[in-house]
Amino acid sequence: LTLCYSLLRKRKMKKIKMGLARDIEFRGYDPIAECWCIGLPLEDAYILGRWYIMCNYSDGIIVVPESIGQYLGVKDKNGKKIYEGDIVRTDEAGWIACVVYSRDGFMCIDSKGGFSAYDCHWENFEVIGNIHENPEIKP
């Protein structure tokens, strides 16, 4: 795990040095500590379906695989980071949708099949929860 994480860390640092516009980070839910962990995801090579979030050079925290979501690189109107899996309220008549990643980038989808374009004005949205901790909020 340490070797793989070291390679991921070097790749991340290389991207930062190249001057990319956003940080590459992920979050995953740790059911034991009942909190979100921020770092890079890594799948266990020996145990099928086990995923870790690598928070530093040596520690990996086991997380719920379905909870892993990437940071979009932008914050909502309240300064909160927006991640894949977040439920957002848009500035357009209070439309509520879920942030998802598609082949071409991040977008919003609601339960009725409505969706937003890829060039959303994320900074005008408000994160009101996420699909893992707030299943009662229906996007």
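Residue 190 in the working numbering is what sits at position 78 of the sequence shown, and the numbering runs on without skipping anything.
From the three backbone atoms N, C-alpha and C, an ideal C-beta is built for every residue, glycine too.
Quantities reported herein were computed from a predicted structural model and do not represent experimental measurements.
- By the CB criterion at 8 Å, I243 and C210 fall inside the cutoff.
- If you check the CB distance, I174 and G241 do not come in under 8 Å.
- At a Cβ-Cβ threshold of 8 Å, I208 and D188 do not count as neighbours.
- DSSP places C232 in no beta strand (DSSP E); its state is neither H nor E.
- Put simply, of A157, S214, G191, N168 the residue whose alpha carbon is nearest the alpha carbon of E235 is G191.
- Separation of E155 and E238 (C-alpha to C-alpha, rounded to the nearest whole angstrom) is 31 Å.
- Within its own chain, the residues whose Cβ lies closer than 8 Å to the Cβ of E137, once the five positions on either side in sequence are excluded, are I150, G151, L152, Q182, Y183, listed in chain order.
- Within the region 155–228, complete alpha helix (DSSP H) segments of at least 4 residues are not found at all.
- Taking G226 as the centre and dropping the five residues before and after it, the same chain places no C-beta closer than 6 Å to its C-beta.
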